[in-house]
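Numbering (UniProt numbering), first residue to last: 1 to 521.
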């Protein structure tokens, strides 16, 4: 279906495995950590200097596999430097060198420059206002630090929007980035499944060392489901990219144009990939992801029926495929949990109880506890916000909080309710600026979809499309953009209950879709 470079997929997959292995080695043997960190940083620098696009590839691959960006970390005088920060510095520095040489900044000519500029102005206001209100400097830096990732829009746009072919996926930089993301997301899904298996079976004592490694580098959150259930929840913050990739994968299935050869093999690969992603989302046991996925899938079907005006029978068949994929994902989850070597035991009740239990559970009750204190604090400066570094005190039932605060009262500047946190710190003005940017991206994507020349195609009878094989790439572009837009909407929904759009993981998706839908060239 998509013209993915198999060699690049294999290379990416092998390099990711090497990176994970090296990270594990630095955990087991801390003495080699400085050497490994420097080697990785120098390799990234060399690749980026050679070709800027390779730096952008590394940025997106690291986002998918890195969660908090600490796959490799080094300490300098008590200051922690992560590989994500190093990649950010390298790519920005090399891009600035290109700007000095060419005296041109491509993003200045983008239709999205003004919305991004408006957001930058609001973020600057959040810094100034937070400083004027004497908010803690450390808390302010912690808040602002994540938003600085938006500066990568300049090199990302330079590479993706300015160096693409007529069709998004016929070749060029967009194709290569999606190829690398495909490999990285597939790896993350496989890693989720493998860890879910290990921690559901107490496999050879591996769980102890893997848990310690994952906890130290903040790669995975592994928590026991319950005292009577052997299975554990395997949650990674970067699984949000699996959520995004799931809708892009669904769009590939939705595309009905028949390529010159290998249609059946391509369709089977697409379905297998989609089942893999759905299983990983289920194994994460993240209700935030589940909620966003269900709402976004319903939105996708609605768009197909009433906006794309697809045939009802075609939409019903596609809906059946989606249900089948989810059912296979659930089956794979239960199969892994109950695989008999060594013995494991988990029923479907693990999933249903997780999906329906919203009270008396630490994470859910913690979110409920934040709502009223946040709204009370927001009411003090609803329009202009309270600035970065604004803290709020609430009573939590989270076991991790209770360890250090037995009475449950907890003061923090980081909250699970992403949109309320933005409102608190940036006010309605800041909230409006971010939503305006997202709306402009969605609008531009829709305009690109409408501008794509499409023939009447038959998604589930490819033999009827042979006379239109020349428009396969354009047809796929249309649905790829739709999948990316719905994937972005899924993250927007997720941000309401789990913060992502103020974190590099979500910001990376925003930048990717920005370059994907931009009308330049």
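Each residue gets a CB set at the ideal place from its N, CA and C atoms; glycine is no exception.
Between the C-alpha atoms of residue 43 and residue 384, what's the straight-line distance to the nearest angstrom?
44 Å
Just to confirm, are residue 390 and residue 420 a CB contact at a threshold of 8 Å?
For residue 390 and residue 420, no; Cβs fall outside 8 Å.
Under 8 Å, do residue 277 and residue 246 count as touching if we go by C-beta distance?
For residue 277 and residue 246, yes; Cβs fall inside 8 Å.
What are the boundary residues of the alpha helix (DSSP H) that residue 438 is part of?
418 to 451
In its own chain, which residues sit with a C-beta less than 8 Å from the C-beta of residue 127, not counting the 5 before and 5 after it?
140, 144, 387, 388
If we count Cβ pairs, one from each stretch, closer than 8 Å, do we get three or more for the region 502 to 511 versus the region 233 to 244?
Yes, they touch.
At the level of alpha carbons, what is the spacing between residue 323 and residue 329?
10 Å
Does DSSP put residue 20 in a helix, in a strand, or in coil?
helix
Three-state secondary structure assigned by DSSP to residue 105
coil
Whole-number beta carbon distance between residue 184 and residue 64, since they are thought to touch under 8 Å
The C-beta distance from residue 64 to residue 184 rounds to 4 Å, short enough to meet the 8 Å contact threshold.
Looking only at its chain, what residues have a beta carbon closer than 8 Å to the beta carbon of residue 189, apart from the 5 residues adjacent to it on each side?
242, 276, 277, 279, 280
Please report the residue range of the alpha helix (DSSP H) in which residue 291 lies.
Boundaries of the alpha helix (DSSP H) around residue 291: 287 to 306.
In three-state DSSP terms, what is residue 372?
helix
Would you mind working out which of 302, 283, 158 sits nearest residue 99, comparing C-alpha positions?
Taking the Cα of residue 99 as reference, the smallest distance to any Cα among 302, 283, 158 is reached at 158.
Which residue or residues does DSSP assign as beta-bridge partners of residue 76?
79
May I have the straight-line CA-CA distance separating residue 101 from residue 52, to the nearest angstrom?
Rounded to whole angstroms, residue 101 to residue 52 spans 14 Å at the Cα level.
Determine whether the beta carbon atoms of residue 87 and residue 58 lie at a separation below 8 Å.
yes
Local Cβ density within 10 Å of residue 461, reported as buried at 16 or more and exposed below that
Residue placement at residue 461 is poorly supported in this model, since its pLDDT is 47, which falls under 50; the coordinates still yield a value, given next. By the 10 Å Cβ count, residue 461 comes out exposed.
So, is residue 411 buried or exposed, given that buried needs 16 or more other C-beta atoms within 10 angstroms?
exposed
What ranges does the alpha helix (DSSP H) occupy inside the region 372 to 411, keeping only unbroken runs of at least 4 residues that lie completely in it?
399 to 404
Could you tell me the distance, in whole angstroms, from the CA atom of residue 377 to the CA atom of residue 427?
If you take the alpha carbons of residue 377 and residue 427, they lie about 11 Å apart.
Per DSSP, what kind of secondary structure is residue 310 in: helix, strand or coil?
coil
State the Cα-Cα distance for the pair residue 305 and residue 448, rounded to the nearest angstrom.
19 Å
I need the straight-line Cα distance from residue 459 to residue 270, nearest angstrom please.
Bear in mind that the predicted position of residue 459 carries a pLDDT of just 44, short of 50, making it too unreliable to give a figure here.
Is it a yes or a no for the region 282 to 296 touching the region 491 to 505, going by three-plus beta-carbon pairs under 8 Å?
Look at the beta carbons and you see the region 282 to 296 touching the region 491 to 505: at least three pairs across the two are nearer than 8 Å.
Within-8 Å CB hit, residue 76 to chain C:
Looking for chain C here will not work: only one protein chain is present.
Under the rule that 16 or more other beta-carbon atoms within 10 Å means buried, what is residue 79, buried or exposed?
exposed
Where residue 238 sits in the DSSP three-state scheme
Note: residue 238 maps to helix in three-state DSSP.
Would you mind working out which of 236, 32, 273 sits nearest residue 186, comparing C-alpha positions?
273
For residue 370, count neighbouring C-beta atoms within 10 Å of its own C-beta (all shown protein chains included) and say buried if the count is 16 or more, exposed if not.
Residue 370 counts as buried, since at least 16 other C-beta atoms from the protein chains shown sit within 10 angstroms of its C-beta.
Can you tell me the Cβ-Cβ gap for residue 502 and residue 116, rounded? I've got them flagged as a contact below 8 Å.
With 8 Å as the limit, residue 502 and residue 116 do not qualify as a contact, their Cβ atoms being about 15 Å apart.
Taking the alpha helix (DSSP H) that residue 136 falls in, what are its first and last residues?
Segment: none, residue 136 is in no alpha helix (DSSP H) and carries neither H nor E.
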